[in-house]
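Student:
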Ligand SMILES: [Zn+2]
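Numbering (UniProt numbering), first residue to last: 1 to 326.
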């Protein structure tokens, strides 16, 4: 490296008229200046190379970004459409939940009415009140659908459906027990004398103390006399079993029906008997014909009602026409 400390003299000879110029420069400067220029050239080349390469990469990235943006915009649009469809479905479901709730309320109310008719204590009242409370709590009128945000609406609808499912679970056994009670009620209706045993409404003698038409002495008239024509149909006052069907004096042709629960009805002075002992009859079924057999002053039906084998006034048992039941 010794030569680096040496100095060189550069001689410039412009032309013959001018003087020669000398410049003294160090050897290191002679090396460093070209080296600096070479370095600058390499840097510039490198910069140009990298810049061009980056520009390409930027172009490619920009292309990707644009494609991604388009794809995202498309996906967003699809999602928005899906959300709109879901919102619409949700509104429909919410409305359906409300309708079902109203119908459940109607059913619960109907059940309460049925229980009332059948005279059953309504032990399932909490169902109808729970439903009312539920629908009241939703406040359909107070919070219209449009005012609720989707999340609230979805949550509320889910709660509604879950409450409905629970109420249905509760209502089913309740309805079953009501149906059973109604069937029992219907059975009691069927076996309780309630219809007029003849078409005639002409009462010729009532139940109680009266003067006997034959002996003229006061005695208990054990039934109700209905005037009519020979051959008029005579009907069973309720469902039951025939326990007597015979022709005796003074009853004439007469029939007894046992309705169960200690209640019996008896039909006397019949022209004809149409049933035998052991037959089962239904309320309103013809069992014989009105007549004048036995100790009788003219064609009529003597109708008796027994409660625990004691004659009672049949009047309270004449509640309805046979036709009303059909
Ligand atoms: Zn009589």
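Using N, Cα and C, we set each Cβ at its ideal position, and we do this for glycine too.
Keep in mind it's a predicted model, so treat the numbers as computed, not measured.
Spell out the partners DSSP gives residue 394 in its beta bridges.
Tutor: Lying outside 1 to 326, the shown extent of the chain, residue 394 is not represented and no answer is given.
Student: Report the rounded CA-to-CA distance for residue 163 versus residue 105, giving the unit in angstroms.
Tutor: Straight-line Cα distance between these residues: approximately 13 angstroms.
Student: Can you find a heavy atom of ligand 1 that lies under 7 angstroms from the Cβ of residue 223?
Tutor: Yes - ligand 1 has a heavy atom lying nearer than 7 angstroms to the Cβ of residue 223.
Student: Leaving aside the five residues before and after residue 138 along the sequence, list all residues of the same chain whose C-beta is less than 6 angstroms from its C-beta, in chain order.
Tutor: Residue placement at residue 138 is poorly supported in this model, since its pLDDT is 47, which falls under 50; the coordinates are not used for a value here.
Student: For residue 196, count the other beta carbons within 10 Å of its own beta carbon; 16 or more makes it buried, fewer makes it exposed. Which is it?
Tutor: Buried.
Student: Going along the chain, which residues of its own chain have a beta-carbon closer than 8 angstroms to the beta-carbon of residue 209, five neighbours each way excluded?
Tutor: The answer, listed in chain order, is 218, 219, 220, 221.
Student: Rounded to the nearest angstrom, how far is the Cβ of residue 314 from that of residue 224, given a contact under 8 angstroms?
Tutor: Confirmed, Cβ separation roughly 5 angstroms.
Student: Leaving aside the five residues before and after residue 117 along the sequence, list all residues of the same chain whose C-beta is less than 7 angstroms from its C-beta, in chain order.
Tutor: Contacts found: none.
Student: Could you tell me if residue 8 is buried or exposed, where buried requires 16 or more neighbouring beta carbons within 10 angstroms of its beta carbon?
Tutor: So residue 8 counts as exposed.
Student: Going along the chain, which residues of its own chain have a beta-carbon closer than 7 angstroms to the beta-carbon of residue 88, five neighbours each way excluded?
Tutor: For residue 88, where only same-chain residues beyond five positions count, there are no Cβ hits under 7 angstroms.
Student: Pull up the CB-CB distance for residue 267 and residue 254, whole angstroms please, since I reckon it's below 8 angstroms.
Tutor: Confirmed, about 6 angstroms.
Student: Put residue 293 into one of helix, strand or coil per three-state DSSP.
Tutor: Residue 293: coil per DSSP, three-state reduction.
Student: Starting from the N-terminal side, write out each stretch of the beta strand (DSSP E) that is 3 residues or longer and does not extend beyond the region 5 to 54.
Tutor: As far as the region 5 to 54 is concerned, its whole beta strand (DSSP E) runs of at least 3 residues are 7 to 12, 21 to 26.
Student: Run the CB neighbour count on residue 317, radius 10 Å, all protein chains shown included, and call it buried at 16 or more, exposed below.
Tutor: Buried, because 16 or more other Cβ atoms sit within 10 Å of the Cβ of residue 317.
Student: Kindly indicate which residue of 86, 237, 165 has the alpha-carbon position closest to the one of residue 149.
Tutor: For the residues 86, 237, 165, the minimum Cα distance to residue 149 belongs to 86.
Student: Under 7 angstroms from any heavy atom of ligand 1, does the C-beta of residue 200 make it?
Tutor: Not so, every heavy atom of ligand 1 lies at least 7 angstroms from the Cβ.
Student: Please identify the residue among 22, 257, 31, 11 whose C-alpha is closest to the C-alpha of residue 3.
Tutor: Per the Cα distances, 31.
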